[in-house]
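Protein chains: 2
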Amino acid sequence: MTPLPSPQQLRYLLALTEHQHFGRAAEACAVTQSTLSAGILALERQLDARLLERDAGKRVVFTALGREIAARARAALRSLEAVAEAAATARAPMSGALRLGVIPTIGPFLLPRLMPALRQSYPRLRLYLREDTTDRLVAQLNDGRLDLLLLALPCASAGADTVKLARDAFFAALPPGHGLAARDTVPAAALQTEHLLLLEDGHCLRDHALEVCGFARGEGPARDPAEPDGFAATSLHTLVQMVAGGLGVTLLPRIAVQAGIAAGTGLVLRPLAGAGGWRTLGLAWRSQSPREGEYRALVPLMAQVAGPHAA
Amino acid sequence: MTPLPSPQQLRYLLALTEHQHFGRAAEACAVTQSTLSAGILALERQLDARLLERDAGKRVVFTALGREIAARARAALRSLEAVAEAAATARAPMSGALRLGVIPTIGPFLLPRLMPALRQSYPRLRLYLREDTTDRLVAQLNDGRLDLLLLALPCASAGADTVKLARDAFFAALPPGHGLAARDTVPAAALQTEHLLLLEDGHCLRDHALEVCGFARGEGPARDPAEPDGFAATSLHTLVQMVAGGLGVTLLPRIAVQAGIAAGTGLVLRPLAGAGGWRTLGLAWRSQSPREGEYRALVPLMAQVAGPHAA
DNA sequence: CGGTTTGATCGGTTGTATCGATGACGCCCC
DNA sequence: GGGGCGTCATCGATACAACCGATCAAACCG
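Taken in order, these protein sequences are the chains called H and C. Numbering-wise, the first sequence is residues 12 to 322 according to this note's numbering. Numbering-wise, the second sequence is residues 12 to 322 according to this note's numbering.
Have a look at this one:
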């Protein structure tokens, strides 16, 4: 049988894919350029495969096979890490680094309450945070750059396990004096004819809001022709300011409202009438992660923080 | 971060799980006992985890953590192999060792025609064969001890991809002079009241046959009280002999019939009336195997061999 | 209670990963 | 167009770790 590639050489290869430069990749691996160069050469010799275009001047250009090998190398190194991780978790659960990814429509509202609670319950847990859109978080989860995601379900990703945390109801956010503000609750369909303001594309909350208002996938509300084409807010905070400025109405998740996102703006917040006006908050992790037990053990605490609270 | 365990040490651990004996595990790894012993110790030290019960005399007893680590080590080594495999496949597709698992109700009938065809089309492919029941084959596929399975679908296994090859119709096999033998086709339901002979438990063909005859899962045909309790044949060849001996009737798959399993026995073979009287033959492999491309390329040839032929 | 088996330990040897220095080559700039 | 720079490959020296053979301590067996 072909001898197995050494983890070290695979690390060199991955560093090279990341930096596209022998010197900097070597630096990232804390070895000299000569060592990394020899390592890559040895890997190509052992696999009997050309991973780099050697004739393309001095630039680092991967062959198609090189890219595939690199992807498999990433998976192989991660599964080696999983061995060590399983031991570490068994030795000292709820400790060490935990790289948590959060979407921008959850992070600013839950983390301020979640982090202290976690620190108190699991003081040895070191939480590294990263905020990004769902699709990018999922990609980083699969790459092994993140361990756990806090996001809105469902998130389409093979190879990931998920668990529900809580429902997060939507509120209609209206400018003061708006016609709908006189009602106790607002039917979601009524927003279809309003000027509905949304987050920019890529935020799952945008899709959830459109869905709740009865728009089909991809379809959207009518736009004022005078408005900048495709203009959309980049955060819920900007969105609130736009509604307060009278540009239209929007939907806000309960966690944002309870965190006081509309405080001081005079905005009128009304629950949606009828059922179905909510998103599901949840956790996601790589299937068969050695730390699955820990992640599931976090659920009650997280569900409590994410659940309804008195204002 | 914790340093990654070396593949060598993981191999030692797996050899130890297999042999439960330091000396023999060392021999299997082609190292001395002292080396393997030191390697295991080093692994336990690096992971800071007790993998073996050190106080249980001289016997080798794994801790629960030890077993989990071993399972993850198996996965890690396999993903390292996948790196080398990807390179080997790209360098020389359809060559090298291919460990093929086949179920006993397919192997004896298809392999005699499949092997020569494969040898002719892909002379550099070295096929290692293993015959076993579906569940055991699937387990060995997941363990990495087999690369490809030829079996009857569906086979329940997460982490495996499958593809259909061909339908394999069932024939009623009747002793000469049997009442049903006068008909051109036999309704499957008519076999419910016959003395239906079956393979022993564990063969998927047994379940398929029961299903075709209209028995619910787990339910079975009425038994002669004089018959040895739960007696069942161990191969289709024995089954044919039993039918020829007048002990009852059975169902035979078309591939067995065409291979001449009933030749010279005087058995009467009748197609089943109506639709649904067939099983699906297919291939299965580990998801994301580097050789998936090769496996799919084998499908046309295999489907042709597995498909209907003139008698 | 001696002999045998089994896993742990120790000193010596070999292999190899790594380093620093140097070479080969393309590229840019003056 | 030639000198200088940047980049990757190569080379000899070295330090570390894996490995072996021998030996030890404990358990097990007859």
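Beta carbons are placed, not taken as given, at the ideal position from N, Cα and C, and that holds for glycine.
Within chain H, the residues that residue i reaches when beta carbons sit closer than 7 Å
i, result
"residue 173(C)", "Ordered by position in chain H, no residue passes the 7 Å Cβ test against residue 173(C), which lies about 16 Å from the chain."
Proximal chain C residues relative to residue i, where beta-carbon distance stays under 7 Å
i, result
"residue 15(H)", "18, 91, 92 and 95"
Rounded distance between the beta-carbons of residue j and residue i, thought under 8 Å
i, j, result
"residue 19(H)", "residue 50(H)", "7 Å"
"residue 250(C)", "residue 268(C)", "With 8 Å as the limit, residue 250(C) and residue 268(C) do not qualify as a contact, their Cβ atoms being about 12 Å apart."
"residue 160(C)", "residue 152(C)", "6 Å"
"residue 24(H)", "residue 54(H)", "6 Å"
"residue 254(H)", "residue 208(H)", "6 Å"
"residue 265(H)", "residue 195(H)", "Not quite, the Cβ-Cβ distance comes to about 16 Å (not below 8 Å), so this is no contact."
"residue 170(H)", "residue 298(H)", "5 Å"
"residue 21(H)", "residue 95(C)", "With 8 Å as the limit, residue 21(H) and residue 95(C) do not qualify as a contact, their Cβ atoms being about 11 Å apart."
"residue 262(C)", "residue 220(C)", "4 Å"
"residue 58(C)", "residue 98(H)", "4 Å"
Within chain H, the residues that residue i reaches when beta carbons sit closer than 9 Å
i, result
"residue 136(C)", "Within chain H, no residue comes near residue 136(C); the closest Cβ sits about 16 Å away, beyond 9 Å."
Amino acids of chain C, ordered along the chain, whose beta-carbon sits closer than 9 Å to that of residue i
i, result
"residue 21(H)", "91 and 94"
"residue 301(H)", "79 and 83"
Chain-order list of residues whose beta-carbon lies under 6 Å from that of residue i (same chain, five-residue window excluded)
i, result
"residue 302(C)", "100"
"residue 162(H)", "114 and 145"
"residue 89(C)", "155"
"residue 158(C)", "109 and 110"
"residue 118(C)", "142"
"residue 277(H)", "187"
"residue 185(C)", "191, 192, 260 and 279"
"residue 17(H)", "none"
"residue 216(H)", "116 and 210"
"residue 133(C)", "105"
Cβ-based neighbour list, residue i, same chain, cut-off 8 Å, excluding 5 preceding and 5 following
i, result
"residue 245(H)", "210 and 211"
"residue 76(H)", "60, 61 and 62"
"residue 47(C)", "23, 26, 27, 33, 36, 37 and 40"
"residue 103(H)", "135"
"residue 189(H)", "260 and 279"
"residue 310(C)", "174, 176 and 294"
"residue 243(H)", "208, 209, 210, 211, 212 and 217"
"residue 224(H)", "199, 200, 202, 203, 207, 232 and 262"
"residue 13(H)", "57 and 58"
"residue 64(H)", "72, 73 and 74"
Cβ-based neighbour list, residue i, same chain, cut-off 7 Å, excluding 5 preceding and 5 following
i, result
"residue 201(H)", "191"
"residue 164(C)", "173, 175, 291 and 293"
"residue 205(H)", "259 and 260"
"residue 131(C)", "none"
"residue 124(H)", "316"
"residue 197(C)", "183, 191, 281, 283 and 284"
"residue 314(C)", "176 and 177"
Exercise for review: Can you give me, in chain order, the residues of the segment 73-107 of chain H that have a beta carbon less than 7 Å from any beta carbon in chain C?
Suggested key: 76, 79, 80, 83, 84, 86, 87, 90, 91, 92, 93, 94, 95, 97, 98, 99, 101 and 102
Check your understanding: Quick one, which residues of the segment 35-62 of chain C are near chain H if we go by CB-CB under 7 Å, in chain order?
Key -> 58, 59 and 60
Practice item. Report the residue ranges of all alpha helix (DSSP H) runs contained in full by the segment 279-321 of chain C; include only those spanning at least 4 residues, in chain order. Key: 303-317
Point to revise | Entirely enclosed alpha helix (DSSP H) segments - the segment 63-142 of chain H, minimum 4 residues | key: 75-102 and 118-132
Exercise for review: Could you run through the segment 201-220 of chain H and flag, in chain order, every residue whose CB is less than 7 Å away from some CB of chain C?
Suggested key: none
Check your understanding: According to a CB-to-CB cut-off of less than 9 Å, which residues of the segment 117-148 of chain H neighbour chain C?
Key -> Within the segment 117-148 of chain H, contact with chain C at the beta-carbon level (separation under 9 Å) is assigned to no residue.
Exercise for review: Could you name each continuous beta strand (DSSP E) segment of 3 residues or more that falls completely within the segment 145-190 of chain C, going from the start of the chain to the end?
Suggested key: With a minimum length of 3 residues, the continuous beta strand (DSSP E) runs that stay inside the segment 145-190 of chain C are 159-164 and 171-185.
Point to revise | Whole runs of the alpha helix (DSSP H) within the segment 18-52 of chain H, excluding any shorter than 4 residues | key: Runs found: 18-30 and 33-40.
Review point. Going along the chain, which unbroken runs of the beta strand (DSSP E) with 3 or more residues stay wholly within the segment 247-273 of chain C?
Key: 261-264
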